[in-house]
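Participant:
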Ligand code: FES
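Residue numbers (our numbering): 1377 to 1491.
Now the structure itself:
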């Protein structure tokens, strides 16, 4: 699998200072609306558009169970797998995050025509 890697922060420290636990941030990267969050289990990036009815998940909130909760109908999704934990058989697209010495990176799968 080939990815476009996009630097989100120059360092882990910068990320910790700017991405507070439980806070949701909306990113627009290469035409993808992505919801970024951090908690004690790690840093997670999932599609921002709720697969149920299109609400922006970055306007929702996080639970203590590593879930993101949609603000519209309160369906919940596991931040690691993207799978719905309530509301239906939906799955969010997830994006890999890598914390390296040179920064914090998010991967977006390359389209077949970009390979
Ligand atoms: S739009 Fe997200 S649960 Fe309905």
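Ideal Cβ placement from N, Cα and C applies to all residues, glycine included.
This one's a predicted model, so the numbers in the text were calculated from it and none came from an experiment.
Quick check on the contact list: which residues have their beta carbon closer than 5 angstroms to a heavy atom of the ligand FES?
Facilitator: 1426, 1428, 1429, 1431, 1446, 1448, 1449, 1451
Participant: Would you list the one or two residues that DSSP bridges to residue 1380?
Facilitator: 1484
Participant: Name the one or two DSSP bridge partners that residue 1470 has.
Facilitator: 1422
Participant: Taking the continuous beta strand (DSSP E) assigned at residue 1386, which residues delimit it?
Facilitator: It is not in any beta strand (DSSP E) - residue 1386 carries neither H nor E in the DSSP assignment.
Participant: What do you get for residue 1386, buried or exposed, if any count of 16 or more other CB atoms within 10 angstroms of its CB means buried?
Facilitator: exposed
Participant: With a 10 Å radius around its C-beta and 16 neighbouring C-beta atoms as the bar for buried, classify residue 1413 as buried or exposed.
Facilitator: buried
Participant: Could you compute how far the alpha carbon of residue 1474 sits from the alpha carbon of residue 1487?
Facilitator: Residue 1474 and residue 1487 have their alpha carbons spaced roughly 20 angstroms apart.
Participant: Report the three-state DSSP secondary structure of residue 1443 (helix, strand or coil).
Facilitator: strand
Participant: Ordered along the chain, which non-local residues of its own chain (more than five positions away) have a Cβ less than 6 angstroms from that of residue 1384?
Facilitator: 1480, 1482
Participant: Just confirm the distance between the C-beta atoms of residue 1443 and residue 1432, as a whole number of angstroms; I'd bet it's less than 8 angstroms.
Facilitator: In fact, because the Cβ distance is near 16 angstroms, the residues do not count as touching under 8 angstroms.
Participant: Start and end of the beta strand (DSSP E) containing residue 1404?
Facilitator: Per DSSP, residue 1404 belongs to the beta strand (DSSP E) from 1400 to 1405.
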